[in-house]
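Student: Okay, so the sequence shown: first residue is 1471 according to this note's numbering, each after it adds one. Beta carbons: idealized from backbone N, C-alpha and C, even for Gly.
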Amino acid sequence: MITGSERRRRWAPEEKARITRESLEPGANVSAVARRYGVSIGLLHYWRKCVRDGVGASPLHFVPVVATHAEPALSPASGVIEIELAGSRIRLSGPVDGSNLRVVLSAVRASG
1471 MITGSERRRR WAPEEKARIT RESLEPGANV SAVARRYGVS IGLLHYWRKC VRDGVGASPL
1531 HFVPVVATHA EPALSPASGV IEIELAGSRI RLSGPVDGSN LRVVLSAVRA SG
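(1) Leaving aside the five residues before and after residue 1493 along the sequence, list all residues of the same chain whose C-beta is less than 7 Å from its C-beta, in chain order.
(2) Quick check: residue 1563 and residue 1578, are their CB atoms within less than 8 Å of each other?
(3) So the candidates are 1509, 1495, 1496 and 1535; which of them puts its Cα closest to the Cα of residue 1482?
(4) Locate the alpha helix (DSSP H) running through residue 1484, then write down its first and last residues.
(5) Please return the same chain residues whose Cβ sits closer than 6 Å to the Cβ of residue 1468, not counting the five positions on each side in sequence.
(6) Excluding the 5 residues flanking residue 1558 on each side, which residues of the same chain have their C-beta closer than 6 Å to its C-beta?
(7) Assign residue 1550 to one of three DSSP states: helix, strand, or coil.
(8) On the criterion of 16 or more Cβ atoms from any shown chain inside 10 Å, does residue 1471 qualify as buried, or is it exposed?
(9) Roughly how many angstroms lie between the CA atoms of residue 1567 and residue 1561, to the nearest whole one?
(10) Go ahead and label residue 1553 buried or exposed: buried means 16 or more other beta carbons lie within 10 angstroms of its beta carbon, across all protein chains shown.
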């Protein structure tokens, strides 16, 4: 049974970075660095692995998503569309390009 204060030490990110950086210097003895700071050798090896793998290297950032209204994809079905507008009848068959249809309808409205 363990009583008393918590036995785990909490390491601040700055401390972890400093100790890990020192252990990664050329010629550094990882065991000696761990002993000097009272860090478990296994924990120091874990911190080194995290650095190598890039874990926590940069914080996550959310990128804003900009939604634009896209024309629905029209199926190439062989249907027929008839539009009566301003005394005119427009008959369309096959696939219809929405932007071209708007130009045609605007022209019909303007002439009516």
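Tutor: The short version:
(1) 1500, 1503, 1514 and 1518
(2) no
(3) 1509
(4) 1483 to 1493
(5) Missing from the structure shown is residue 1468; the chain here goes from 1471 to 1582 and no further.
(6) 1578
(7) strand
(8) Only weak support exists for where residue 1471 lies, its pLDDT of 49 falling under 50; the coordinates are left without a value.
(9) Rounded to whole angstroms, residue 1567 and residue 1561 show a C-alpha spacing of 14 Å.
(10) exposed
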